[in-house]
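Asker: Line by line, the protein sequences are chains S and Y.
Residues 19 to 167, numbered by this note's numbering, are exactly what the first sequence covers, in order.
Residues 19 to 167, numbered by this note's numbering, are exactly what the second sequence covers, in order.
All C-beta atoms in this analysis are idealised placements derived from N, C-alpha and C, irrespective of residue type, glycine included.
Number of protein chains: 2
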Amino acid sequence: MKLTTKGRYAVLALTELALAKENSLVKITEIAVRQNISSTYLEQILLLLKNSDLIIGVRGPNGGYKLSTSPENIMISDIVNIVEGRMEAKGCVSKSGSCTGVSGRCLTHDLWDELSRHIELFLGQISLKDIIAGNVLGRSSPPKVLELK
Amino acid sequence: MKLTTKGRYAVLALTELALAKENSLVKITEIAVRQNISSTYLEQILLLLKNSDLIIGVRGPNGGYKLSTSPENIMISDIVNIVEGRMEAKGCVSKSGSCTGVSGRCLTHDLWDELSRHIELFLGQISLKDIIAGNVLGRSSPPKVLELK
DNA sequence: GTATTTCTTGACAAAATTACTCGGAAAATA
DNA sequence: TATTTTCCGAGTAATTTTGTCAAGAAATAC
Numbered sequence: 019m020k021l022t023t024k025g026r027y028a029v030l031a032l033t034e035l036a037l038a039k040e041n042s043l044v045k046i047t048e049i050a051v052r053q054n055i056s057s058t059y060l061e062q063i064l065l066l067l068k069n070s071d072l073i074i075g076v077r078g079p080n081g082g083y084k085l086s087t088s089p090e091n092i093m094i095s096d097i098v099n100i101v102e103g104r105m106e107a108k109g110c111v112s113k114s115g116s117c118t119g120v121s122g123r124c125l126t127h128d129l130w131d132e133l134s135r136h137i138e139l140f141l142g143q144i145s146l147k148d149i150i151a152g153n154v155l156g157r158s159s160p161p162k163v164l165e166l167k
Numbered sequence: 019m020k021l022t023t024k025g026r027y028a029v030l031a032l033t034e035l036a037l038a039k040e041n042s043l044v045k046i047t048e049i050a051v052r053q054n055i056s057s058t059y060l061e062q063i064l065l066l067l068k069n070s071d072l073i074i075g076v077r078g079p080n081g082g083y084k085l086s087t088s089p090e091n092i093m094i095s096d097i098v099n100i101v102e103g104r105m106e107a108k109g110c111v112s113k114s115g116s117c118t119g120v121s122g123r124c125l126t127h128d129l130w131d132e133l134s135r136h137i138e139l140f141l142g143q144i145s146l147k148d149i150i151a152g153n154v155l156g157r158s159s160p161p162k163v164l165e166l167k
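#1: For the beta strand (DSSP E) that contains V98(Y), what are its first and last residues?
#2: Can you check whether the CB of F140(S) is closer than 8 Å to the CB of H127(Y)?
#3: Please state the DSSP three-state secondary structure of L72(Y).
#4: What residue from L43(S), D131(S), V98(S), S134(S) has the CA that sits closest to L146(S)'s CA?
#5: With the cut-off set at 8 Å, would you say G142(S) and M93(S) are in Cβ contact?
#6: Could you name the residues that DSSP lists as bridge partners for G81(Y)?
#7: List the residues of chain S whose Cβ lies closer than 7 Å to the Cβ of L125(Y), in chain order.
#8: Would you tell me roughly how many angstroms separate the C-alpha atoms of L85(S) and L21(S), rounded to the nearest one?
#9: Rank S70(S), I144(S), E48(S) by C-alpha distance to the C-alpha of W130(Y) and give the top, closest one.
#10: So, at 8 Å on beta carbons, what are the nonlocal neighbours of K68(S) in its own chain, with the 5 sequence-adjacent residues on each side left out?
#11: Taking T47(S) and S57(S) to be in contact with their CB atoms under 8 Å, please state how far apart those CB atoms are, rounded to whole angstroms.
#12: Would you say L35(S) and V29(S) are within 8 Å of each other, going by their C-beta atoms?
#13: Is there at least one Cβ from chain Y nearer than 8 Å to E40(S)'s Cβ?
#14: Would you say I150(S) and L125(Y) are within 8 Å of each other, going by their C-beta atoms?
#15: Cβ atoms of K24(Y) and E102(Y): under 8 Å apart, would you say?
#16: Between D71(S) and the rest of its own chain, which residues show a CB-CB distance below 8 Å, the 5 nearest in sequence each way excluded?
#17: Is there a C-beta anywhere in chain S that falls below 8 Å from the one on V154(Y)?
#18: Just checking: is the beta-carbon of D96(Y) within a distance shorter than 8 Å of some beta-carbon in chain S?
#19: May I ask you to list the residues that DSSP assigns as paired with S145(Y)?
#20: DSSP beta-bridge partners for V44(S)?
#21: Please list, in chain order, the chain Y residues whose beta carbon lies closer than 9 Å to that of I137(S).
#22: Using only the alpha-carbon positions, how far apart do R52(Y) and L133(S) sit?
#23: Within the continuous alpha helix (DSSP H) that includes A28(Y), where are the two ends?
#24: Below 7 Å CB to CB, which residues in the same chain sit around L66(Y) once its five sequence neighbours on both sides are set aside?
#25: Near L168(S), which residues of its chain fall below 6 Å by C-beta distance, leaving aside the five closest residues on each side in sequence?
#26: Does any CB atom of chain S fall closer than 8 Å to the CB of L67(Y)?
#27: Is the Cβ of R26(Y) closer than 8 Å to any Cβ of chain S?
#28: Decide if R26(Y) is buried, meaning its Cβ has at least 16 other Cβ atoms within 10 Å, or exposed.
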């Protein structure tokens, strides 16, 4: 699970779509100007999200983008996974492919695996709706929360 | 909290040190060969860890590196934070520095903040000892665990 | 149909970061 | 002194990220 500006732009853009009036269309340039992002770069990103059916693009005058479903059904992990490739998480497949190194097999393998699983779990619990509701921090909402025991 | 091969190499190398007999010294080249990493690159990384007093370097014949403290006292987050710079986590300070964009302030700010806090928390609970004990997955050990409620 | 708006697509280029190399110096041992 | 090892700074190659550009396609308004 990589995380670059690409992923952040994607979440930001979809947040804008989520904020728009239901079924109204938002143009790329609107988002780009508001958020001060390169509009041509944003094009690329929204295209990825469209091809994965997370958003719907409408061409022609007064066209634009809208979410394909309601904000509570779109999780942050969905967005990030689409625009950033899924992270390999291994960090041990050095060359021969196998994971059994000379030093008594790959000890850190599980660590990175578990970390990315953890991140995925975290971002999979937060929806666009949570974000526009400011419901990210100190989440005490009905859905599962991660907590120290 | 970035995560590149640099961070993974660092954890891997320190795992090797943790596996070594108490107070025995391990050479850079030993680790490099065993893990199939560039030894000169590994030098740089171990140097960083040494300058942060996580490990101790001994020069001269039969020199090498050893941990500066016992494996259970070294957390993965310590290691990663040293070799990768601390991640900015914001993703919203576009230009003017302030966080109040035109689109009704920075909605995703909290999200990335919370994510990196979460990662830090996770890696801060796992020590080198846990790794060499294979105690990463399905942790049910005495120390605090992250768990779904 | 024509013009306009906007998305769609692909190829390309600049910038930044990551990953690694190199040459040598300092310290310790023998 | 010679050898072995860490230490240190600078520089370079490779990759990834972050864009730009130009042209095409679809929908709408006129």
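Answerer: By the coordinates alone:
#1: No beta strand (DSSP E) contains V98(Y), which is instead part of the alpha helix (DSSP H) from 94-101.
#2: no
#3: coil
#4: V98(S)
#5: yes
#6: Per DSSP, none; premise fails for G81(Y).
#7: T33, I149, I150
#8: 22 Å
#9: I144(S)
#10: I74, G75, Y83
#11: 5 Å
#12: no
#13: no
#14: yes
#15: yes
#16: S86
#17: yes
#18: no
#19: M93(Y)
#20: Y83(S)
#21: L133, H136, I137, F140
#22: 24 Å
#23: 23-37
#24: I100, V101
#25: Not covered by the structure: residue 168(S). The range shown for chain S is 19 to 167.
#26: no
#27: yes
#28: buried
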